[in-house]
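Enquirer:
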Amino acid sequence: MYSLSQRANAVLALAVTVACVVAAIAAAIGPLLSTVSPIELATPKIAVKRTSIERGRLGSYYNHHSQVVELGIVKFDLEADLRPLFTWNTKQLFVYLVAEYETEKHRWNQVTIWDDIITHKDDALISFRDKRAEYPLTYVENVVNGIKANLTLHWNTVPVVGLMLNDRMGSRLSNRYSTPVLASVQFGKKK
Amino acid sequence: MLETMDFEGQRQAELVCQVLLWSSGFVGLVVGYALQSIRVVFGCLGIGTALSFLLLVPGWPVFNRHPVKWLPKIEDPIEPESDGGAQKTKKKPAWWSLGLF
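Those protein sequence lines, which keep their order, are chains A and B. Convert by adding 1152 to the 1-based position in the first sequence; the result is the number in the working numbering. Convert by adding 434 to the 1-based position in the second sequence; the result is the number in the working numbering.
(1) Would you decide whether Thr1195 of chain A is buried or exposed? Buried here means 16 or more other CB atoms lie within 10 Å of its CB.
(2) Pick helix, strand or coil for Thr1309 of chain A, following the three-state DSSP scheme.
(3) Chain A beta carbons: is any one of them nearer than 8 Å to that of Trp456 of chain B?
(4) With H, G and I counted as helix, E and B as strand and the rest as coil, what does DSSP make of Phe441 of chain B?
(5) Can you tell which of B:Leu532, B:Leu479, B:Arg473, B:Leu490 has its C-alpha closest to the C-alpha of Thr1169 of chain A?
(6) Per DSSP, Gln452 of chain B is paired with what?
(7) Measuring CB to CB, does Ala1251 of chain A end up less than 8 Å from Leu1303 of chain A?
(8) From the DSSP output, in three-state form, read off Asn1161 of chain A for me.
(9) Using C-beta distances below 6 Å, list every residue in its chain close to Leu463 of chain B, excluding the 5 sequence neighbours before and after it, in chain order.
(10) Please tell me whether, using a cut-off of 7 Å, the distance from the CB of Asn1261 of chain A to the nearest non-hydrogen atom of the ligand ATP is below it.
(11) Pick from A:His1217, A:Tyr1213, A:Asn1294, A:Val1173: whose alpha carbon is nearest that of His1258 of chain A?
(12) Whole angstroms are fine: how far does the CA of Ser458 of chain B sit from the CA of Ala484 of chain B?
(13) On a Cα-Cα basis, can you pick out the residue from B:Asn498, B:Trp504, B:Glu448 that is closest to Met435 of chain B?
(14) Counting only Cβ pairs nearer than 9 Å, list the residues of chain A close to Gly462 of chain B.
(15) Between which two residues does the alpha helix (DSSP H) harbouring Ser1189 of chain A extend?
(16) Would you check if the segment 1263-1282 of chain A and the segment 1236-1250 of chain A touch, i.e. whether three or more CB-CB distances between them fall below 8 Å?
(17) On a CA-only basis, which of A:Gly1298, A:Ile1225, A:Met1321, A:Glu1222 is nearest Trp1307 of chain A? Give me that one, please.
(18) Touching or not, the segment 435-445 of chain B and the segment 1216-1236 of chain A, by the rule of three or more beta carbon pairs under 8 Å?
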């Protein structure tokens, strides 16, 4: 503290240390409280309205270098109330709908068919009717006919300070082969 | 002009700095959690930092109340002459510094 610049350096260094400690405490409060009283969410409701198979290219419509493949389009209704996830330490919520299916060649396939970023608590009350999925469902073998998929709602909580948490509708301890199912989708007819 | 602090002032400034910053951190945390707003937490911390800067970085007169008491200047003492040239006047250099210079 013997000169002007040294005092400024000392004050600033202490301020940064205090900020780090305060941020660590603020980040730890959320997970600690949730072990005592976990956040309860009502089960989201999905109704699948219409599924169709189209033929098109992934990527640009005019890009003739990529091949024409079968695309599964889903139209769905979604009702979900994710407002309890918005704590003081939440910056945004990344919500996405995943379709999971199994074929003879590949045991476990996952495709995201819709996602959204929610930045305000009021927007977390999701209510869609006849919503066309943002992304088509595809398969590595480029044939979608006959696929039966299960839909699950996943979300990432992005905090202001702290760790990002992933969760999905259902129990936290579901393993990958027993994912909680919201709805089933059938594309085309089974061969 | 507001550049220097004496040692007692430096000690006081360090104490005020610690108290001000830590208390602004924890008060901000408590008030922010009560109001459920994380902006209050870091806003309170920012105000505490700005206040610390204003109060403690310049050498205000309140931190200069105990200036160092320097001893009075004395005249250069007259060196006594060493006897003859028989004795060495140069000190022998240490063995470990011989290779350096």
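For glycine and all other residues, C-beta sits at the position ideal for the given N, C-alpha and C.
Expert: If we stick to the structure as given:
(1) exposed
(2) strand
(3) yes
(4) The answer is helix: DSSP assigns Phe441 of chain B an H, G or I state.
(5) B:Leu479
(6) Bridge partners of Gln452 of chain B: none, in fact.
(7) yes
(8) Secondary structure at Asn1161 of chain A: helix, using DSSP grouped into helix, strand and coil.
(9) Val475
(10) Although the ligand ATP was asked about, the structure shown includes no ligands whatsoever.
(11) A:Asn1294
(12) 11 Å
(13) B:Asn498
(14) Val1174
(15) Per DSSP, Ser1189 of chain A belongs to no alpha helix (DSSP H) and is neither H nor E.
(16) Yes, the segment 1236-1250 of chain A is in contact with the segment 1263-1282 of chain A.
(17) A:Met1321
(18) Contact between the segment 435-445 of chain B and the segment 1216-1236 of chain A is absent: fewer than three C-beta pairs spanning the two stretches fall below 8 Å.
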